[in-house]
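Protein chains: 2
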Amino acid sequence: MATVGIVGAGVAGLHLGLALRAADVDVTLYTEHPLEDLAGARLLNTVAHHHPMLERERALGVHHWPAEEYGYAAHHHYLGGAEPVRFTGHFTNPSCAVDHRLYLPRVAADLADRGAKPVVADIGPRDLARLGAQHDLVVVASGRGPLSGLFARRPEHCPHDAPRRLLCAGLYTGVRAPEPAGVGISVAPGHGELLEIPILSRHGPVTALLLENEPDGDLAGLASLPYDDDPARFHRAVLDALAVHHPATRERVEEREFALTHPLDLLQGGVIPAVREDYLPLGDEKFALALGDAHVVVDPVMGQGANLAAYSAAVVAAEIVTDTVYDEQFCLRVARAREEVLLAGSAWTNLMLDPPPRIPELLRALAADQRRADEFTTNFDHPDRQWRLLATPRRQREFLAGDRAEGDRRTTWSIQRSAAPY
Amino acid sequence: MATVGIVGAGVAGLHLGLALRAADVDVTLYTEHPLEDLAGARLLNTVAHHHPMLERERALGVHHWPAEEYGYAAHHHYLGGAEPVRFTGHFTNPSCAVDHRLYLPRVAADLADRGAKPVVADIGPRDLARLGAQHDLVVVASGRGPLSGLFARRPEHCPHDAPRRLLCAGLYTGVRAPEPAGVGISVAPGHGELLEIPILSRHGPVTALLLENEPDGDLAGLASLPYDDDPARFHRAVLDALAVHHPATRERVEEREFALTHPLDLLQGGVIPAVREDYLPLGDEKFALALGDAHVVVDPVMGQGANLAAYSAAVVAAEIVTDTVYDEQFCLRVARAREEVLLAGSAWTNLMLDPPPRIPELLRALAADQRRADEFTTNFDHPDRQWRLLATPRRQREFLAGDRAEGDRRTTWSIQRSAAPY
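Order-wise, the sequence lines are chains G and S. FYI, in our numbering the residues of the first sequence are 37 to 458. FYI, in our numbering the residues of the second sequence are 37 to 458.
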């Protein structure tokens, strides 16, 4: 039976570990700190888990926060500018956001219960050959720290070498939920986006506000505005930002109750999107495979990061279990198997970060077309399908004008797919 | 709804057409001659349809010759040399060989009944732009004639620029079936192989003998030995070849009854294996996709050609039905989706044509290991799995010595797979 060393215990590493343990593969999980420490750490992100990821969690037996109870099934869009538009798109199945400082330690405990060996160690590039000697395969699933830049960037998929948005993400009280429960996606042309996300935290259900601010826009300063020095000034600045640029959220804010839930429930900074090589030889016929943020990093604006990581982990686990030798042929098969979805998630996100005029046109068209608005929303579950609809102006035209209904596409797809493979 | 022009009505074109019509896609089928003409033509090949292809035929409603009645489920191996070995491997599900001069016209009639438009026309490279203007997508599924060399060879997957075997394929009476019914695979080191195939012809069940002769071996002359001039001399030469190099078949020949079933039931020549580019721009945002022998040609020694073509047709049909725009992105997706199986079928066949010493070692090991002999046999259904086991010496060692049973691999695979994709 294979032995796999996984470096990093974010979504990618944990999902991989769980899927491998379900197939009785020997797993060692290397983390820099004990996972329990995360509970008291700074906010990690504000990502929702979409239906395919939730389905995998159900199958793995780690779906501890029922999406039916804590989740949502709508995206409320607001597009600002001279003639603002609003519309709501509906998911076929609910998504759910849980603070990862709750989620990750709980799932890590599940993984430990199932026999993965935890090792607390600071793994750097020089340690990988040693890990290679100890395992049949090493998976680098560490998006921060010394290994995050290990795999070479693939320039053809990396249009940016600096963050395209300056981020200010926090958990707040005082934002009344929309009807129906859902994520708000507000676009302020030239200034950026606001994602408003119902999220379960250690304080209970609260609202995450993820301000995605263009570096040259009005709100760029929020990404570096100190909170601890003067919380009232910080709250004031966020409220002003909402009032001017994201009124669809501002109108549901109860000003007296509006506050960050805790000084650590704030994350400011930026992400440099990247698609990196899939693998690296470690010598002696051993390889290290990149997973999660060590492989593909997306800006959080479309909420794809954790979902792509979990998808990639599922593909890697399936390929590990199928194969017996973890050589370059194996690595290439993994690369091919996951490429379409991962590149689609990356390319779609990058398109939305630098929207050509056809993107606001798209939103306006969706506002007048409920069926397609719902398809666009449900495709947050399926970046490959989304990219198929939006990759080029011609594809977008066909999506908006074509005579084939989404139901047709989907149904036929699954019928045909089941007949196709060996 | 899309309109697709298919050039060529072999297995690739017909399977594609049937799958597209099942999804109500508009199909025009271009052939050089009316399909009925095939019935009186020279033997086309001696290929068996393996279980995945038969399953597709069942799903498409064109499984006219039940494999349970006309098929077989065993490979009888004979490896000659100083210490000959014999062993039998069993398929999980039966394969079936039907003379394509029966099969193709019947299936073409099914396709016409289902609304594909037949056009008899001699399509050359200069006609493709016109076809592109008439259809959303053109598929070139013509392995012979002026279009067969249209797509550029991919040199990294084309080790040969001349046939590696000189072929002499014919249908014969007078060969008693082995027990259980099955294909004989006889290897005469340095001289080539004999495939002995139970096949349903217009004469009823007969035996196909496919002599795959090395150009420098004793039997090379059979590929050009005339039949019509002196049938007795031809029969004598084949019998002598069997006696000296393929005794496991010779011992079941009743000499007085041994004869070619008809002068046209003989095909002599050779195949240059090739893997070609997946697609070609036709201008004006239209593309031509390569399918079947126009895309990947394999020597018939492992019986993969028609099966790869049918598989590729199923993938292409699924991608056509899923998509709405047949641009380069579509073509790249098709290429990625079918690449693993097609390259595996090609690489495995090429390995067997130039066998390194580990291949006879493999056969000797299988002769002593029924479970792995059966896995090797069943993997004629699954060239990607076969290649996973045999691609490198390390992989072959792991296959023969590894502690994981084939059942384990397969079961876990299907469980994991169903959980993995979006």
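The C-beta atom is built at its ideal place from N, Cα and C for all residues, glycine as well. The model shown is predicted, which means the values in this text are computed figures rather than measured ones.
Near chain G, meaning a CB-to-CB distance below 7 Å, no residue of the region 322-340 of chain S qualifies.
Rounded to the nearest whole angstrom, the C-alpha separation of M388/S and V333/S is 15 Å.
The alpha-carbon separation between Y315/S and E119/S amounts to approximately 48 Å. Residues of the region 419-431 of chain G with a C-beta less than 9 Å from any C-beta of chain S: P419, D420, R421, W423, R424, L425, A427, T428, R430, R431, listed in chain order. Any Cβ of chain S closer than 9 Å to the Cβ of E411/G would place that residue at the interface, and such an atom is absent.
Taking the C-beta atoms as reference points, G151/G is found no nearer than 9 Å to P182/G.
With the criterion set as a beta carbon lying under 8 Å from some beta carbon of chain S, the members of the region 359-374 of chain G are D359, T360, V361, D363, Q365, R369, R372, in sequence order.
Scanning chain S for C-beta atoms nearer than 8 Å to the C-beta of E434/G yields T360, V361, reported in chain order.
DSSP, reduced to helix, strand and coil, places C204/S within a strand of the structure shown.
Excluding sequence positions up to five before and after A383/S, its CB lies within less than 8 Å of the CB of H193, W423, A427, all in the same chain and listed in chain order. In the DSSP assignment, H113/S falls within the beta strand (DSSP E) that extends over 108-115. Between the region 363-382 of chain G and the region 411-421 of chain G, the count of C-beta pairs closer than 8 Å reaches three or more; the two stretches touch. T285/S carries a helical assignment under DSSP once its states are collapsed to helix, strand and coil. For G328/G, the closest of E93/G, T358/G, A177/G, A188/G by C-alpha to C-alpha distance is A177/G. Of V134/S, A48/S, L79/S, the smallest CA-CA separation from T67/S is found for A48/S. In this structure, L147/G sits away from D301/G, with a CB-CB distance that is not shorter than 9 Å. For the pair L203/S and L303/S, the CB atoms are nearer than the 9 Å cut-off.
Taking a Cβ-Cβ cut-off of 8 Å, the neighbours of G438/S in chain G comprise T360, given in sequence order. Apart from the 5 residues on each side of it in sequence, A77/G sits with its Cβ closer than 8 Å to the Cβ of R137, L300 in its chain, given in chain order. By the Cβ rule, the region 282-298 of chain S counts as touching the region 230-243 of chain S, because three or more pairs are nearer than 8 Å. Counted as a single uninterrupted DSSP element, the stretch harbouring I308/S is not any alpha helix (DSSP H), since DSSP gives it neither H nor E.
At a cut-off of 9 Å between C-beta atoms, E376/G counts as an interface residue with respect to chain S.
Annotation: the continuous alpha helix (DSSP H) that includes L378/S extends over 364-389. Ranked by Cα distance from L368/G, the first of V274/S, R372/S, S348/S, E248/S is R372/S. Taking A279/G as the centre and dropping the five residues before and after it, the same chain places the C-beta of R286 closer than 8 Å to its C-beta, in chain order.
CA-CA distance, A273/S to V223/S, rounds to 18 Å. When DSSP states are grouped into helix, strand and coil, G160/G belongs to the coil group. Shown here, H136/S sits in a helix according to DSSP, grouped into three states. No residue range can be given for S178/S, since it is assigned to no beta strand (DSSP E) and is classified by DSSP as neither H nor E. With distances taken between CA atoms, F416/G lies nearest to A109/G out of V98/G, A109/G, H69/G. DSSP places Y347/S in the uninterrupted alpha helix (DSSP H) bounded by 341-358. Remark: three or more beta-carbon pairs, one from each stretch, lie closer than 8 Å, so the region 54-73 of chain G and the region 130-145 of chain G are flagged as touching. For E434/S, the closest alpha carbon among the candidates D60/G, D359/G, G228/G, F187/G is that of D359/G. Within the model, the alpha-carbon separation for W101/G versus R408/G is close to 30 Å.
Cβ atoms of G253/G and H227/G come within 8 Å of each other, at about 4 Å. For H85/S, no beta strand (DSSP E) run applies, since DSSP gives it neither H nor E.
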